[in-house]
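This is the structure in structure tokens:
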């Protein structure tokens, strides 16, 4: 008889058929409890913590104690030897290689070795005693001269110890002042003027308080949106106005990205290049390419320029970051520079709200360009600057013209930046004396009169400023003169379609160069022989602006489903 039958017969004899057979053991099985079973039962039995009469825990329950158990480090020789070392020769060669390629904006660092990158920079030997004012006071003035009956506090506190240090500090302050002055001239477009015109003339006028409307684009909410876009982006596109690239350039944001996020790629897009001559756009692209990769662009859903080049560049960045599932591209810049219009151009449909007035984009917005490329639209920001006047802020398109009080006071700045022949061609007005006379003639010509036949100077001034900002009146800031051109008009540097943008017919057997020398007054009357060359009606159909359009517009497997 088998074992199973014997056990069944025994259960029948003992009457143990209805108790669940909890205590019955099969013959041959271990009768005693295993160590695991005993541990489990002890955990069930001793699961509560032991407490004294006051309720304090005297013995913690299992898994309740916060005390860190004693650890043991595995014995290994690597804890007592050098892990990673580098010789001084290798470090020097590494420094030289990085220094050569760091200045080239067209080279990207793909991978870094496991080395403290701070070692490749020579630390500046700064004197901490001179940098910290508290240490200066403690070290230079004894305690007895500061407190007590012999206290002396009447002497002048200087941060220098000798006259040589004082002279050196004065020279540094003067050099810093000259650098800030040159930067202010460059931003205002008066870098080519002579030193005689730089003298400040006291005309007896007092500067009044700035209107609140000129502080637009500087709120905390706008800057929070900007930092969210920068933090979320792998590639940051700084959109500039082709008519005034230096005026719409946010140098503080560039400095922030260079210092706080050097791993992010920054490129320039020169938008509205259809409003400037081709040679001027090419010169600005060549000048800005020394700092960051620069592209010329014309935002238009049906007739765009530079769309293929921009998409090709974004695909290159996507291939550089092949280890990532997707990359994000953020668009930043001044208000009304065309950030949302560029996104609509890339998508070939209206996905972002656009308007010819600043402040249309309120919050950031994610847009899918391809399966691996996402675009981020950002509200326009205006970095605060003490050198920017109200005229500069208004003529950059930062504020809405209808909110400005007394707009006729900014018309002289408009007339100064525009050549008279363009004013005459646009409004068909000649022989005006000053800005008020110009507005009066224009108002009477258009029938914009108030009661008593008075011209509506205020309304006409707003109309002229809007025409100036929206491209009805031709104007541009002259690019910096490039001395790299040779006798043939060619410029040393990178070649490509952007370098070949300037196309002028040959005259007298020589081709005109694309570099434009800065003029002291952009409104000066040119000679009759130069009028035809400076005539500008936009990019012609024969230009190679949309060379990459056909390839970019083809159906792509990465494009999102419509």
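In our numbering, the protein residues as written are 1216 to 1777. Idealized CB from N, CA, C, for every residue including glycine.
* Do the region 1459-1476 and the region 1654-1674 touch if we need at least three Cβ pairs shorter than 8 Å? -> no
* Smallest Cα separation from residue 1596: which of 1474, 1317, 1224 and 1614? -> Locating residue 1596 in the chain shown gives position 381, where the first residue counts as 1. Of 1474, 1317, 1224 and 1614, the residue nearest in Cα terms is 1614.
* Asked: Smallest Cα separation from residue 1483: which of 1539, 1436, 1554 and 1489?
  -> Residue 1483 sits at position 268 when you count from the first residue of the chain shown. Selected option, being the one with the closest Cα: 1554.
* **Rounded separation between residue 1258 and residue 1286 - CA only** => Taking the chain shown and counting its residues from 1, the one referred to as residue 1258 is at position 43. Taking the chain shown and counting its residues from 1, the one referred to as residue 1286 is at position 71. Rounded to the nearest angstrom, the gap between the Cα atoms of residue 1258 and residue 1286 is 24 Å.
* **Simplified DSSP state of residue 1664, which is helix, strand or coil** => In the chain shown, residue 1664 corresponds to position 449, counting from 1. Strand, per DSSP.
* Are residue 1543 and residue 1471 closer than 8 Å when you measure CB to CB? -> Here residue 1543 refers to the residue found at position 328 when the chain shown is read from its first residue. Here residue 1471 refers to the residue found at position 256 when the chain shown is read from its first residue. No, Cβ-Cβ distance for residue 1543 and residue 1471 is not below 8 Å.
* First and last residue of the uninterrupted alpha helix (DSSP H) at residue 1361 -> The residue labelled residue 1361 in the question sits at position 146 within the chain shown. Segment 1358-1361, the alpha helix (DSSP H) holding residue 1361.
* Cβ contact check for the region 1681-1695 and the region 1492-1508: 3 or more pairs under 8 Å -> Segment contact: the region 1681-1695 against the region 1492-1508, three or more CB-CB distances shorter than 8 Å; contact assigned.
* Alpha carbon to alpha carbon, what distance is there between residue 1297 and residue 1469? -> If you number the chain shown from 1, residue 1469 lands on position 254. If you number the chain shown from 1, residue 1297 lands on position 82. Each residue's alpha carbon lies about 40 Å from the other.
* Asked: Touching or not, the region 1356-1367 and the region 1545-1562, by the rule of three or more beta carbon pairs under 8 Å?
  -> no
* Beta-bridge pairing of residue 1580 - partner residues as DSSP gives them -> Within the chain shown, residue 1580 is the residue found at index 365, counting from 1. Partner(s): 1592.
* To do: On the DSSP bridge assignment, give the partners of residue 1509 in chain order.
  => Position 294 of the chain shown, counted from the start, is the residue given in the question as residue 1509. Partner(s): 1483.
* To do: Work out the CA separation of residue 1380 and residue 1355 for me, nearest whole Å.
  => In the chain shown, the residue the question calls residue 1355 occupies position 140. In the chain shown, the residue the question calls residue 1380 occupies position 165. Roughly 15 Å between the two C-alpha positions.
* To do: Given a cut-off of 8 Å, decide if residue 1560 and residue 1519 are closer than it, judged by their beta-carbon atoms.
  => Mapped onto the chain shown, residue 1519 falls at position 304. Mapped onto the chain shown, residue 1560 falls at position 345. Result yes, Cβ atoms of residue 1519 and residue 1560 sit closer than 8 Å.
* Would you call the region 1489-1496 and the region 1434-1454 in contact, with 3 or more CB pairs under 8 Å? -> no
* Asked: How about the region 1590-1610 and the region 1425-1443: do they share at least three Cβ pairs that are nearer than 8 Å?
  -> yes
* Decide if residue 1378 is buried, meaning its Cβ has at least 16 other Cβ atoms within 10 Å, or exposed. => Counting from one through the chain shown, the residue named residue 1378 turns up at place 163. By the neighbour-count rule (16 or more Cβ atoms within 10 Å), residue 1378 is not buried but exposed.
* **Stretch pair the region 1672-1684 + the region 1620-1634: three plus CB contacts closer than 8 Å** => Short answer: they touch.
* Asked: How big is the Cα-Cα spacing for residue 1397 and residue 1557?
  -> Taking the first residue of the chain shown as 1, we reach residue 1397 at position 182. Taking the first residue of the chain shown as 1, we reach residue 1557 at position 342. Those two C-alpha atoms are separated by around 32 Å.
* Asked: In the DSSP assignment, what residue or residues form a beta bridge with residue 1265?
  -> Along the chain shown, read from residue 1 onward, the residue named residue 1265 stands at position 50. 1274.
* To the nearest whole angstrom, what separates the beta carbons of residue 1528 and residue 1510, a pair I think is in contact under 8 Å? -> Position 313 of the chain shown, counted from the start, is the residue given in the question as residue 1528. Position 295 of the chain shown, counted from the start, is the residue given in the question as residue 1510. Separation of the CB atoms of residue 1528 and residue 1510 is rounded to 7 Å, and the pair is thereby assigned contact status at 8 Å.
* Spatial distance of residue 1576 from residue 1540 (CA atoms) -> Here the question's residue 1576 lines up with position 361 in the chain shown. Here the question's residue 1540 lines up with position 325 in the chain shown. In a straight line, the C-alpha of residue 1576 is about 28 Å away from that of residue 1540.
* To do: May I have the straight-line CA-CA distance separating residue 1683 from residue 1643, to the nearest angstrom?
  => What you label residue 1683 is simply residue 468 of the chain shown in a count that begins at 1. What you label residue 1643 is simply residue 428 of the chain shown in a count that begins at 1. Each residue's alpha carbon lies about 16 Å from the other.
* **Three-state secondary structure assigned by DSSP to residue 1301** => The count along the chain shown starts at 1 and reaches residue 1301 at position 86. Correct three-state label for residue 1301: coil.
* **Paired residues, beta bridge with residue 1545 - DSSP** => As a position in the chain shown, residue 1545 is number 330, starting the count at 1. In the DSSP output, where bridge partners are listed per residue, residue 1545 has 1451 and 1591.
* Could you tell me the distance, in whole angstroms, from the CA atom of residue 1720 to the CA atom of residue 1685? => Here residue 1720 refers to the residue found at position 505 when the chain shown is read from its first residue. Here residue 1685 refers to the residue found at position 470 when the chain shown is read from its first residue. Any answer about residue 1720 is weak, because its pLDDT of 39 lies below 50 and its placement is not dependable; what the coordinates show is given next. Answer to the nearest angstrom: the Cα atoms are 29 Å apart.
* To do: Express the C-alpha separation of residue 1253 and residue 1275 in angstroms, rounding to a whole number.
  => In the chain shown, the residue the question calls residue 1275 occupies position 60. In the chain shown, the residue the question calls residue 1253 occupies position 38. Going from the Cα of residue 1275 to the Cα of residue 1253 covers about 20 Å.
* Applying the criterion that 16 or more other CB atoms from any shown protein chain within 10 Å of the CB defines a buried residue, is residue 1291 buried or exposed? -> Translated into positions along the chain shown, residue 1291 becomes position 76. With fewer than 16 other Cβ atoms within 10 Å, it is exposed.
* Buried or exposed (CB count within 10 angstroms, at least 16 for buried), residue 1306 -> As a working note, residue 1306 is residue 91 in the chain shown. Exposed is the call here.
* Asked: Can residue 1593 and residue 1444 be called in contact, C-beta distance under 8 Å?
  -> Within the chain shown, residue 1593 is the residue found at index 378, counting from 1. Within the chain shown, residue 1444 is the residue found at index 229, counting from 1. Yes, the pair counts as a contact, with Cβ atoms nearer than the cut-off.
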